[in-house]
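Residue numbers (my numbering): 10 to 454. Heads up: the structure comes next, in structure tokens.
Given below as structure tokens:
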């Protein structure tokens, strides 16, 4: 017959090896012999949480705390059990007591931060997460949680740094790859985000949000058929997902399947009535069908729900402009640029509306700002060239030089020392390619 100490060591060994049932039996046997063994009560409670019985865990860990009232580890795991039962106030009290009993306990700071964030105490939560990482820089959960919160707060670069750390520390943790992809997507690094979402799905094929978000970045890259497959898989996994229905609707809209798109977007609103993205996508559908009054209604509702939603602001301005309300459209875009001064697309949109009103010099300034912010924004480059034709003081030579400055940057491959574009010539039924002949598109005779 093993001694009590030997039995406890056997239980711990089995517990650490993942044999939860056998460990629980050992703890129970030990407690028959030594009913005041606090650690055995504690770890027996932990096995209950791990087996999906947090109610039993609470009973057992409270027995341990009767024997050792200030043990920080006991308090932490009692808080975890309360959390599993949805008793968040009790969980918060336990985590606070754990921090008070042991101020240098990083896991307690991390768990307390999660509770605080969930009830809206964001600043205090951030302080506890930072404290957790100052005590233990390799605490993957804290990096993951900080990444999630920083994305919510719009601090995407900081979120990216913590997400990278979370992935480095726990490379097999699908949610860490998911939050890394979310940060990359917010930074419009769509190809990298796609790779990270695919990695998350490889680790957890049932991660519905990863499928839905993968659809989003595929759509942003123009891969509409692939995006629809991902959105469909997200809905198979979670048929009531407002995000997945919204994404399916957005993709179907891009595929000119407006009726199907509308069905999914309205379902998204059914599952989440205050969904600004779904209203925005419905507004876009209405714009494309020239239903401008309805479009305005959806865009205004989206902006009521989320005043800084750029796509809704852009869509509303477009609808107003098409209704002949160009002054309102211009004012709306100007207001949007006060919120988002570095949004190249909105500068280009403002330039377009100014040009249509004959305010050529103001339009040119906005086109130039759009190009400065995004040198690859070809719509702004081409519109700038067209608009400059209406500036009387520019000579033909000035226009030619400006045209060459922009088109050479596009037409000549990087690294070429000879610039070929001397004059813009439009040849019918022709194709200019730097690809190998076998890879170039066919041109009709």
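We put the CB at the ideal spot given by N, CA and C, even for glycine. Note that this is a predicted model, so its numbers are computed, not measured.
Asked: Spatial distance of residue 170 from residue 402 (CA atoms); Found: 50 Å
Asked: Proximity winner among 86, 144 and 26, relative to residue 1 (alpha-carbon distances); Found: No answer is possible for residue 1: the residues shown for the chain start at 10 and end at 454.
Asked: Residue 402 (DSSP reduced to helix, strand or coil); Found: coil
Asked: Buried versus exposed, by CB contacts within 10 Å (16 or more), residue 140; Found: buried
Asked: Reference residue 367, options 113, 350 and 398, closest by Cα; Found: 398
Asked: Nearest neighbour of residue 149, chosen from 172, 168, 131 and 130 [CA to CA]; Found: 172
Asked: Span of the alpha helix (DSSP H), counted from its first residue to its last, around residue 241; Found: 233-246
Asked: Given residue 183 as reference, the closest of 389, 265 and 218 once Cα atoms are compared; Found: 218
Asked: Residue 373 versus residue 108: straight-line alpha-carbon distance, rounded; Found: 59 Å
Asked: Inter-stretch contact at 8 Å, needing at least 3 Cβ pairs: the region 129-140 / the region 89-99; Found: no
Asked: Neighbourhood of residue 263 by C-beta distance below 7 Å, restricted to the same chain and skipping five residues each side; Found: 228 and 233
Asked: Residue 361 vs residue 319 beta-carbon contact at 8 Å; Found: no
Asked: Beta-carbon gap between residue 31 and residue 54 smaller than 8 Å; Found: no
Asked: Where residue 433 sits in the DSSP three-state scheme; Found: Here the model assigns residue 433 a pLDDT of 43, short of 50, so the residue's position is not dependable and the matter cannot be decided.
Asked: Residues of its chain near residue 258, where Cβ-Cβ distance is below 6 Å and the 5 sequence neighbours each way are ignored; Found: 270, 273, 274 and 290
Asked: Short Cβ contact (8 Å threshold) for residue 175 with residue 204; Found: no
Asked: Contact under 8 Å by Cβ, residue 90 with residue 66; Found: yes
Asked: Unbroken alpha helix (DSSP H) run spanning residue 96, endpoints; Found: No alpha helix (DSSP H) contains residue 96, which DSSP labels as neither H nor E.
Asked: The alpha helix (DSSP H) enclosing residue 287, as first and last residue numbers; Found: 285-297
Asked: Proximity to residue 387 [Cα-Cα], best of 353, 76 and 370; Found: 353
Asked: Extent of the continuous alpha helix (DSSP H) run through residue 216; Found: Looking at the DSSP string, residue 216 is not in any alpha helix (DSSP H), and its letter there is neither H nor E.
Asked: Spatially closest choice to residue 230 from 251, 163 and 199, by CA coordinates; Found: 199
Asked: Pick from 311, 196 and 350 that is closest to residue 282, judged by C-alpha positions; Found: 311
Asked: Exposed unless 16 or more other CB atoms sit within 10 angstroms - verdict on residue 395; Found: exposed
Asked: Range of the contiguous alpha helix (DSSP H) that encloses residue 332; Found: Segment: none, residue 332 is in no alpha helix (DSSP H) and carries neither H nor E.
Asked: Presumed contact (8 Å Cβ cut-off) between residue 59 and residue 19, rounded CB distance; Found: The pair is not a contact, with the Cβ atoms about 18 Å apart (cut-off 8 Å).
Asked: Assumed close pair residue 110, residue 134 - CB separation to whole angstroms, cut-off 8 Å; Found: With 8 Å as the limit, residue 110 and residue 134 do not qualify as a contact, their Cβ atoms being about 20 Å apart.
Asked: Residues of its chain near residue 25, where Cβ-Cβ distance is below 7 Å and the 5 sequence neighbours each way are ignored; Found: none
Asked: Range of the contiguous alpha helix (DSSP H) that encloses residue 131; Found: 131-144
Asked: Beta-carbon separation (whole angstroms), residue 246 vs residue 215, contact threshold 8 Å; Found: 6 Å
Asked: Nearest-angstrom Cα separation, counted from residue 339 out to residue 363; Found: 7 Å
Asked: 8 Å Cβ cutoff met for residue 88 and residue 114; Found: no
Asked: Distance between residue 76 and residue 45 (C-alpha atoms, nearest Å); Found: 7 Å
Asked: Helix, strand or coil at residue 393 [DSSP, three-state]; Found: helix
Asked: Exposed unless 16 or more other CB atoms sit within 10 angstroms - verdict on residue 166; Found: exposed
Asked: Cβ separation of residue 243 and residue 225, assumed to be a contact under 8 Å, to the nearest whole Å; Found: So it is not a contact: roughly 10 Å between Cβ atoms.
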